[in-house]
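For the record, the sequence lines run as chains A and B. To get my numbering, take the position in the first sequence, counting from 1, and add 44. To get my numbering, take the position in the second sequence, counting from 1, and add 44. Beta carbons: idealized from backbone N, C-alpha and C, even for Gly. Predicted model only: the values in this text are computed from it and were never measured. Heads up: the structure comes next, in structure tokens.
There are 2 protein chains.
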Amino acid sequence: MKLYDFALAPNPRRVRMFLAEKGIEVPTEQINTREAQQFSNEFQKINPRGTVPALVLDNGTAITESVSICRYFEELHPEPSLFGSNAEEKAVIDMWNRRIEIECYGPAADVVRNSLEMFKDRAIAGLPSGVPQLPDLAARGRASYARFMDRLDPKLGKSQFIAGNKFSVADITAFIAMDFAKRGQLEVPADASNILRWQSEIVSRPSASA
Amino acid sequence: MKLYDFALAPNPRRVRMFLAEKGIEVPTEQINTREAQQFSNEFQKINPRGTVPALVLDNGTAITESVSICRYFEELHPEPSLFGSNAEEKAVIDMWNRRIEIECYGPAADVVRNSLEMFKDRAIAGLPSGVPQLPDLAARGRASYARFMDRLDPKLGKSQFIAGNKFSVADITAFIAMDFAKRGQLEVPADASNILRWQSEIVSRPSASA
Numbered sequence: 045m046k047l048y049d050f051a052l053a054p055n056p057r058r059v060r061m062f063l064a065e066k067g068i069e070v071p072t073e074q075i076n077t078r079e080a081q082q083f084s085n086e087f088q089k090i091n092p093r094g095t096v097p098a099l100v101l102d103n104g105t106a107i108t109e110s111v112s113i114c115r116y117f118e119e120l121h122p123e124p125s126l127f128g129s130n131a132e133e134k135a136v137i138d139m140w141n142r143r144i145e146i147e148c149y150g151p152a153a154d155v156v157r158n159s160l161e162m163f164k165d166r167a168i169a170g171l172p173s174g175v176p177q178l179p180d181l182a183a184r185g186r187a188s189y190a191r192f193m194d195r196l197d198p199k200l201g202k203s204q205f206i207a208g209n210k211f212s213v214a215d216i217t218a219f220i221a222m223d224f225a226k227r228g229q230l231e232v233p234a235d236a237s238n239i240l241r242w243q244s245e246i247v248s249r250p251s252a253s254a
Numbered sequence: 045m046k047l048y049d050f051a052l053a054p055n056p057r058r059v060r061m062f063l064a065e066k067g068i069e070v071p072t073e074q075i076n077t078r079e080a081q082q083f084s085n086e087f088q089k090i091n092p093r094g095t096v097p098a099l100v101l102d103n104g105t106a107i108t109e110s111v112s113i114c115r116y117f118e119e120l121h122p123e124p125s126l127f128g129s130n131a132e133e134k135a136v137i138d139m140w141n142r143r144i145e146i147e148c149y150g151p152a153a154d155v156v157r158n159s160l161e162m163f164k165d166r167a168i169a170g171l172p173s174g175v176p177q178l179p180d181l182a183a184r185g186r187a188s189y190a191r192f193m194d195r196l197d198p199k200l201g202k203s204q205f206i207a208g209n210k211f212s213v214a215d216i217t218a219f220i221a222m223d224f225a226k227r228g229q230l231e232v233p234a235d236a237s238n239i240l241r242w243q244s245e246i247v248s249r250p251s252a253s254a
């Protein structure tokens, strides 16, 4: 198998951090999306959607969504469990992973894709051009992000990690989303002491630099 | 346990269709979001995000994301499997379920929430007011939806169902997304014969009317 990766992009980093937590090594190839390599003929044959990461299995099947790639490895290497180990845990972790995507990562992406000069005319990932930025959507994303910070802080006053008292894939998504958000000048509020406590714990894990 | 449901909303319908495929019955209570019941004090205690569906377990845990609720039931009642039964199948079904959400359901929701009079000033689900509609986002959603139809049609010429040759949760998401999309005047193109073939197969399943 081979993992198509890009060191500077947030979604491939989710997979790298997940693999590091599991202690799994996979051969990788860099697809530099800042040089438009995701739109090359060669990579379009692997993933016509023009996004990284993509995991190609030995039988040729391509998995092109970061969370789905993580699930694949969770099945092959169940320990340490990062998606939960019983029905309730699995549902709660999945719920938090989705909430982070919808209420934190999504709004951050709306800000970044709709305001940074480098994404001018390509505000949707995977399309090389023809999608103008929407400043109003960036503003909406900024408000949603702030709202989520206000919700998350008291929650992290009651549990050590995002989905409870066990580290999970939801922590990976949240940690990388908040790091990515900085590119859109979205910061964790200085008075969100619980989020800051959690963030300092996650950043000290070896996987944080994967 | 109890499932908080609303007969006219697409996300609760995903759970109902999933349960019907599994042959599972769960006690339900209707939360009429057209009468703002999701913002009542009583329901806010169950799900402060103000969305349905929500599944409350006997120990009080609330699962408030439709796919996470489906995963919970998949764990308790693995057959018939709707999330896949080995690592590769699980990853491929998860990938397609996500793609449908990101490239089909999401754009449809952008159109509906940002153009229908009933969502004026509340363009984000779960917020009672203060979120103006963005007509440019509705237009972007319309273009994304059309682009996805163009991609999906040849794909459904090569496999019976969305994620391969087995019915899965990705078919449920896609079927309900396309039904919901009609509220925004988004139709399956008349020449998308493979999508139309698939749609006629899904609509004939008893679960389609759940």
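Between Ala131 (chain A) and chain B, the shortest Cβ-Cβ separation is below 8 Å. For Ala153 (chain A), the enclosing alpha helix (DSSP H) begins and ends at 150-157. Annotation for Met61 (chain B): Ile216, Phe219, Ile220, Ser251, Ala252, Ala254 place their beta carbon closer than 8 Å to its own, counting only its chain and skipping 5 residues before and after.
Here Ala106 (chain A) carries a strand assignment [DSSP, helix/strand/coil]. For Phe163 (chain B), no pairing in a beta bridge is given by DSSP. A contact is defined here as three or more CB-CB pairs under 8 Å, and the segment 95-110 of chain B fails this definition with respect to the segment 178-195 of chain B.
In this structure, the beta-carbon distance from Pro97 (chain A) to Asn55 (chain A) falls below 8 Å. Taking 8 Å as the upper bound for CB-CB distance, Gly208 (chain B) and Val136 (chain B) are in contact here, some 6 Å apart. Per DSSP, the beta bridge partners of Phe205 (chain A) are A:Gly208. In this structure, Glu118 (chain B) lies near Leu126 (chain B), with their beta-carbon atoms less than 8 Å apart.
Along the segment 131-146 of chain B, going in chain order, the ones with a CB nearer than 8 Å to a CB of chain A are Ala131, Glu132, Lys134, Ala135, Val136, Asp138, Met139, Arg142, Arg143.
When 9 Å is used as the limit between beta carbons, Asp180 (chain A) is near these residues of chain B: Pro176, Leu178, Asp180, Leu181, in chain order. The beta carbon of Thr105 (chain B) sits closer than 8 Å to some beta carbon of chain A. In the structure shown, the three-state DSSP call for Thr72 (chain B) is strand.
Excluding sequence positions up to five before and after Val156 (chain A), its CB lies within less than 6 Å of the CB of Arg227, Gly228, all in the same chain and listed in chain order.
With respect to chain B, the C-beta atom of Arg184 (chain A) has a partner C-beta closer than 8 Å. DSSP places Val100 (chain A) in the uninterrupted beta strand (DSSP E) bounded by 98-100. Ranked by how close their Cα comes to the Cα of Ile246 (chain B), the residues B:Ser212, B:Pro233, B:Arg143, B:Ala225 have B:Ser212 in first place. Between Lys199 (chain B) and Leu230 (chain B), the alpha-carbon positions lie close to 20 Å from each other. Under the DSSP definition of a beta bridge, Tyr48 (chain A) partners with A:Glu73, A:Ala98. DSSP places Glu133 (chain A) in the uninterrupted alpha helix (DSSP H) bounded by 131-144.
Ser173 (chain A) and Cys148 (chain B) have their C-alpha atoms spaced approximately 20 Å apart. Against chain B, the CB of Val155 (chain A) has no partner CB under 8 Å away; the residue lies outside that interface. Setting aside the 5 residues that flank it on each side, Pro92 (chain B) has no residue in the same chain whose C-beta is closer than 7 Å to its C-beta.
When B:Leu52, B:Val175, B:Gly170 are compared, the shortest CA-CA separation from Lys164 (chain B) is found for B:Val175. In the DSSP assignment, Arg191 (chain A) falls within the alpha helix (DSSP H) that extends over 179-200. Excluding the 5 residues flanking it on each side, Arg58 (chain B) has same chain C-beta neighbours closer than 6 Å at Ser110, Ile216, Ile220, in chain order.
In the DSSP assignment, Arg60 (chain B) falls within the alpha helix (DSSP H) that extends over 54-66. By the CB criterion at 8 Å, Leu120 (chain B) and Leu47 (chain B) fall outside the cutoff.
Judged by DSSP in its simplified three-state form, Val213 (chain A) adopts helix. Looking at the DSSP output, Val175 (chain A) sits in a beta bridge with A:Arg166. Restricting attention to A:Gln74, A:Phe50, A:Thr95, the CA atom closest to the CA of Arg143 (chain B) is found in A:Thr95.
Nearest CB-CB separation between Val232 (chain A) and chain B: not below the 8 Å threshold.
With contacts defined as CB atoms closer than 8 Å, Asn76 (chain B) and Phe50 (chain B) qualify as a contacting pair. Neighbourhood of Leu160 (chain A) in chain B, by CB distance below 8 Å: empty, with the nearest CB roughly 17 Å away.
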